[in-house]
Structure formats: C-alpha cells, structure tokens
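Residue numbers in the sequence shown follow this note's numbering, run continuously in steps of one, and reach 385 at the last position.
All C-beta atoms in this analysis are idealised placements derived from N, C-alpha and C, irrespective of residue type, glycine included.
See below for the structure under consideration.
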Amino acid sequence: MRAVTCRFCRSDAGDLVLDLGMQPACEYFPPLDDPVTDPVFPLRLWLCAACGLAQLADDAEIPDEPEGLEPAALARQRADAVATAHAAGLLPVGATVAEGATPHGGSWQAELESLGLRFVADDTVADVVVDGTFGMMHATDQAAALDRLVDRLAPDGVLLFQFHSLAAILREEQWNAVRLGHYAYYSLPALLGMLEVRGLGVTSAWSFPLYGGTVMIAARRGAVADTSVARIVDDELASGVLDARALQKLQEGVDTSTAALRQLAEDASGAGQRVYAYSAASRAVALLYLADLHDDLLLGVADAAPAKHGCRMPGTTVPIISPSDLIAAGPDVVLMFVTDLLPEVRRALPEIEACGGRWMDAGSGAVATATT
Ligand SMILES: [Zn+2]
Numbered sequence: 014m015r016a017v018t019c020r021f022c023r024s025d026a027g028d029l030v031l032d033l034g035m036q037p038a039c040e041y042f043p044p045l046d047d048p049v050t051d052p053v054f055p056l057r058l059w060l061c062a063a064c065g066l067a068q069l070a071d072d073a074e075i076p077d078e079p080e081g082l083e084p085a086a087l088a089r090q091r092a093d094a095v096a097t098a099h100a101a102g103l104l105p106v107g108a109t110v111a112e113g114a115t116p117h118g119g120s121w122q123a124e125l126e127s128l129g130l131r132f133v134a135d136d137t138v139a140d141v142v143v144d145g146t147f148g149m150m151h152a153t154d155q156a157a158a159l160d161r162l163v164d165r166l167a168p169d170g171v172l173l174f175q176f177h178s179l180a181a182i183l184r185e186e187q188w189n190a191v192r193l194g195h196y197a198y199y200s201l202p203a204l205l206g207m208l209e210v211r212g213l214g215v216t217s218a219w220s221f222p223l224y225g226g227t228v229m230i231a232a233r234r235g236a237v238a239d240t241s242v243a244r245i246v247d248d249e250l251a252s253g254v255l256d257a258r259a260l261q262k263l264q265e266g267v268d269t270s271t272a273a274l275r276q277l278a279e280d281a282s283g284a285g286q287r288v289y290a291y292s293a294a295s296r297a298v299a300l301l302y303l304a305d306l307h308d309d310l311l312l313g314v315a316d317a318a319p320a321k322h323g324c325r326m327p328g329t330t331v332p333i334i335s336p337s338d339l340i341a342a343g344p345d346v347v348l349m350f351v352t353d354l355l356p357e358v359r360r361a362l363p364e365i366e367a368c369g370g371r372w373m374d375a376g377s378g379a380v381a382t383a384t385t
C-alpha cells in the first residue's frame, strides 16, 4: 500500500477514514452489450493531519467523463450563487473575470456577462476569479490547482469558490459523495488554512442547501473575516470535519445503506413489483456496485442524458434507459438516488405516479408523498 502524501501541504501525517475498496469509474458508462469486466480502482478517503484537507488517497487513471446534462438543481444553485455574490457587491459592471476549469460544464460565463462583467484571456489577471462549478476538486495536485486560481487574481481581486461541504457529507452520511475523480473534499476550516498559506483571507461565506450543504466563499489578499465565516466554521467543526474518528463513522454507513438498498429491491421484487431507479448519477454507482444489484432485481436506471442510453451502470448489468422508456415500462417503484432532484423529476414525469408508481428515496426507503 503506497504511503499517502497530502495533495496540498505534502505532509504524510494523516488517517485513512473511509475505504470503499475497488470501484469502477463512476462517470464512464460502458455499452450495454460490453461484458461486465470494467476496470476497478482503489477508492479511499484520507484526512491530512497537518492541513485538514480530506482527499482521495490514490490516483486513478479513469476513463474520460462524458459531459452529462446539467440538472436544474445545479443551474438553480449557480443562479443563487451569482445572485448572492452580486447582492454582496462583488460583481460590479465592467469587472474582469477568469474562471477555473469546469469539467462538469455549468460555466458562470453567460450569467456574469449578462451582469456586465468581461471574461479575459487565459494569461491575464482578473478582478474576479471563480471556481464556481466544483472544478478544483478534480485536480490531483491541490497546491498547483489553487496556485492556478490565485495567480489569475488581480492584486485587489476577489476569488469566489464553491464546494460541497465535508460537513454535509458527515451530517447526512453521504459516503457515496466520495468518488473517483473527485480528489478533494473541502471544509471551511481546512480551506481557510489553505488560502492563508497563499496570503488570502476569506471575507464572507454563504451556505446553500444543495447536496445538504454547499458553501461559497469570497476571498481576497489580506482580508479579514466577517461573522458569517466564524458561524460556518463553528458549525463545521462541530460536525467533526477535522476529526478523523468522526469521519471514520462514514464507514459504518456503507454497509448499512448498501444492505438496506439490496433489501428494499429484494422485498419489492419479491412482492412482484417492478423496480427501477432514477438518475445514473456518479453517487449511485458505488451504491449499486457495493449492493451487488443487477438487472434481475433492478430493471433499469433512467437518466435524462441521451449519451448514457444504451449503456449500463458500471460494474453491473443494470441498463440505463431514457425517461420515456421508464414511463413506458410502468414501474411500480422508482428508487431515487439524489433526493435533491426529486421535486424536478416528479414534475417532469407525472405519468409515473398517475400510473400507480411510487417514488422512493433509495437511501431511507421513504415513499415520496404529495407533501414531500
Ligand atoms: Zn495537508
């Protein structure tokens, strides 16, 4: 087993906090008729004892990820984040902007240009630097990735950075948010330290409900924090974001949630019900793979992205189908993997419930009712 060195501070002091074993790539969906011999890679989460950055312990040469369709929940988050930064006076008309990599799409460019900001060439510094679309987490070298953002920042510029907080992963036991290709899992306390090393302070931080807790920060050189920062830091520390033992509790959730999912599928299937699921999201991959669910129990996973149709869930025989195929199949149960998406999916596919099907939270087994 290779020694782990921090992707940011290069310390080798730290703890393994979660081990998901060998996992198939979670954003590469093999053609349905390919034999199920997908390559697998180690998936382990490690917490640096020196800088507090939670990160994948291992590098993996995973296949290129096709760009999925942006869910409405993510587009809404982008609009909320832009509106919040605008209301805080951080996006003045005429300001220049640089944006970090956006490997999942969802660039802020159109929104910021409509507010009168101007994107500048790659080698130019800018008044506003955004990593708004969860870009930096894809970098294997976190120190180099942060340098790339900070190097673009004009002397009095502002860096806007968004992350799905490790505190939310802990609070909601979202162990399957840990996935291949996402190398860093930020908390605000760790991020403050990382930015401080680069001479930046966080002026303000805002919390959003996406994924149970998404945080945006504004950072500047030599900045002093307002009370919003201390409030989120206190909250995240209380969740245990710097505490290896608190993070190690995620491991318990792996066995219970995969066993519960398998039981749910077996019970429904045993009762003669036809079980499907919705969204071939990356976080569904480890869940299905560890639950060892195949097309005998789970008849299909519907997804809106046409590129995934005719493919299967990695490491399983479960086909990915279109939403219209899902409706045509007349499912009794549709398991929902990403509960944030439930309202928009129910609105988009009223036929499921009109034909007697039920939406169920794949995590809790709760049935969605008219009030949820
Ligand atoms: Zn470190």
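Any non-hydrogen atom of ligand 1 within 7 Å of Ala-16 CB: no
Residue closest to Thr-329, alpha-carbon to alpha-carbon, out of Ala-341, Ala-108, Pro-37 and Ala-361: Pro-37
Any 3 or more C-beta pairs closer than 8 Å across the region 137–157 and the region 192–199: yes
DSSP bridge partner residues for Thr-227 (one or two, in chain order): His-177 and Phe-221
Length of the line joining the Cα atoms of Thr-18 and Ala-157: 14 Å
Same chain only: Cβ atoms within 8 Å of Met-349, ignoring 5 sequence neighbours per side: Ala-290, Tyr-291, Ser-292, Leu-355, Val-358, Trp-372, Met-373, Asp-374, Ala-375 and Ala-381
Buried or exposed (CB count within 10 angstroms, at least 16 for buried), Gln-276: exposed
Residue span of the alpha helix (DSSP H) that contains Pro-336, given as start and end: 336–342
Alpha helix (DSSP H) segment containing Met-349, residue limits: Premise fails: Met-349 lies in the beta strand (DSSP E), 346–349, not in any alpha helix (DSSP H).
Test item: CB-CB of Leu-201 and Val-30 under 8 Å: no
Leu-173 to Ala-190 span [Cα, whole Å]: 22 Å
beta-carbon Ala-134 near ligand 2 non-hydrogen atom, thresh 7 Å: For ligand 2, the structure offers nothing, since it holds only ligand 1.
Residue of Ala-111, Gly-266, Arg-234 and Arg-233 minimising C-alpha distance to Arg-184: Gly-266
Under 8 Å between C-beta atoms of Asp-140 and Ala-100: no
Whole-angstrom distance between Asp-345 and Gly-369, CA atom to CA atom: 7 Å
Rounded separation between Ala-320 and Thr-352 - CA only: 22 Å
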